[in-house]
Amino acid sequence: MASKNLSIDVDNVVMKFGHFTALDGVSLKASYGKVTGLLGPNGAGKTTLIKVMTTLLKPSQGQVVVDGINVLLHDKEARKHIGLAGQFAAVDEFLTGRETLVMVARLYGMPKKQAEEKASELLDKLGLSDAADRQTKTYSGGMRRRLDLGASLVATPKVLFLDEPTTGLDPRTRLQLWDIIRDLVRQGVTILLTTQYLEEADALCDYIYVIDKGKMIIEGTSEDLKKSLGQDIIELKVADSNLDKAHKMLKKLAGDDAVVDDLTRRIRIHTESGSEDLLKVANELKKANIKAEELSLHRPTLDDVFLAVTGNHAEDTDK
Ligand SMILES: Nc1ncnc2c1ncn2[C@@H]1O[C@H](COP(=O)(O)OP(=O)(O)O)[C@@H](O)[C@H]1O
Ligand SMILES: [Mg+2]
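Note that this note's numbering has the sequence shown beginning at 125, numbered continuously upward.
So this is what it looks like as structure tokens:
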């Protein structure tokens, strides 16, 4: 049963495309006023789930309630409560930024004057006032993304869905978008966002779901997820030619816990004693005459969580 206190309640959703199962019994709950993150590599099923939650796809099975409305039964009603910003700004590039937002507002049935006011307000909020009267074909990727976000805010949604809002943006523009998202939360908007970036989930999300191959594999706050791994990690990076030798050496110390990642040339083990084990590893390396490019002791990060549950580094899985 859907709870009244949840802004989003997805229960056991299955989405099949022909014989392919893109979502395999997925559940997700999001609270009002929070940022809930859906984190997963390319092809995990994030966009598919966003489409199901925003009425664009009918699932093969399952229940979806957004802002108290059964999305599958009352899609038109649900759309009034939902804002959706896509991964790519869908704007006519011959229109100016201002014209784009006025057009969207008119589509929502706003009178001309109100639509113009709304457009100005949003352009200001998104830092696009200076570029407002230029055709959007002259906009940078970051500006397009902000305009796209603006379009999703025209109808002042209670629940806003952002599908990879910062993918492909340069770091500075990404930080600007994070600020805008935090601002929206302060104003009471509930946000569900998908991302491939762990640091983004870490920085923005109150609660995180990790999805892989159409299944939810772990959920919790960023702290919960890191704590779930418990022990600290010792990580070592060596030259290709030394990788096998170093792996064997660490296996002697840590057994099967010594995991090697051929791609990044890193080997890692968990540790209870921290610095004592670090010294042991350093000594063994010296004895074996292996030079480490990096040797570190660190608390588990979200990437470590990801590695532990999927067997991949989140950001290596880009196709
Ligand atoms: N309309 C479709 N028809 C067939 N397969 C699809 C369709 N949409 C998505 N898929 C497949 O479903 C899986 C999940 O896709 P998607 O939800 O876009 O992943 P993500 O957004 O996490 O990258 C992928 O394997 C993708 O190829
Ligand atoms: Mg996607």
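Note that CB positions come from ideal geometry on N, CA and C, so glycine has one too.
Measuring only from the beta carbon, is residue 144 closer than 7 angstroms to any heavy atom that is part of ligand 3? For the structure depicted, ligand 3 is absent and the ligand set comprises only ligand 1 and ligand 2.
Measuring alpha carbon to alpha carbon, tell me which residue in 143, 183, 132 is nearest residue 158. 132
What does a CB cutoff of less than 8 angstroms around residue 146 pick up in its chain, not counting 5 residues either side in sequence? 139, 140, 169, 172, 338
So, with DSSP's three-state summary, where would you put residue 259? strand
Any alpha helix (DSSP H) of 4 or more consecutive residues that is wholly inside the stretch 370-417: 399-411
Below 8 angstroms CB to CB, which residues in the same chain sit around residue 219 once its five sequence neighbours on both sides are set aside? 227, 259, 260
Grouping DSSP H, G and I as helix and E and B as strand, with all else coil, what is residue 243? helix
Would you kindly report the start and end of the unbroken beta strand (DSSP E) that includes residue 133? 130-141
Give the C-beta separation of residue 136 and residue 192 to the nearest angstrom, bearing in mind that I take them to be a contact with Cβ-Cβ under 8 angstroms. So it is not a contact: roughly 19 angstroms between Cβ atoms.
Looking at residue 273 and residue 209, is the spacing between their C-beta atoms short of 8 angstroms? yes
Look at the alpha carbon of residue 383 and the alpha carbon of residue 433, and state the distance between them as a whole number of angstroms. 14 angstroms
In whole angstroms, give me the CA-to-CA distance for residue 396 and residue 367. 24 angstroms
For residue 155, report the span of its beta strand (DSSP E) as first-last. 144-155
Residue 134: which of 164, 165, 174 sits nearest, CA to CA? 174
Is the beta carbon of residue 388 less than 8 angstroms from the beta carbon of residue 162? no
When burial is assigned at 16 or more other CB atoms within 10 Å of the CB, is residue 392 buried or exposed? buried
Is the closest heavy atom of ligand 1 to the C-beta of residue 140 under 7 angstroms? no
Thinking C-alpha only, which one of 325, 349, 361 is nearest residue 287? 325
Can you tell me where the beta strand (DSSP E) with residue 359 in it begins and where it stops? 356-362
If you draw a straight line from the alpha carbon of residue 357 to that of residue 311, how long is it in whole angstroms? 39 angstroms
Tell me which same chain residues have a C-beta within less than 8 angstroms of the C-beta of residue 350, skipping the five on either side of it? 423, 424, 425, 426, 428, 429
Can you find a heavy atom of ligand 1 that lies under 7 angstroms from the Cβ of residue 172? yes
Starting from residue 340, trace the beta strand (DSSP E) in both directions and tell me its first and last residue. 339-344
When you compare the CB positions of residue 406 and residue 421, do they come within less than 8 angstroms of one another, or not? no
Skipping 5 residues on each side, what residues in its chain have a beta carbon closer than 7 angstroms to that of residue 412? 369, 373
Does DSSP put residue 218 in a helix, in a strand, or in coil? coil
May I have the straight-line CA-CA distance separating residue 246 from residue 333, to the nearest angstrom? 30 angstroms
Quick one: is residue 298 buried, meaning 16 or more other Cβ sit within 10 Å of its Cβ, or exposed? buried
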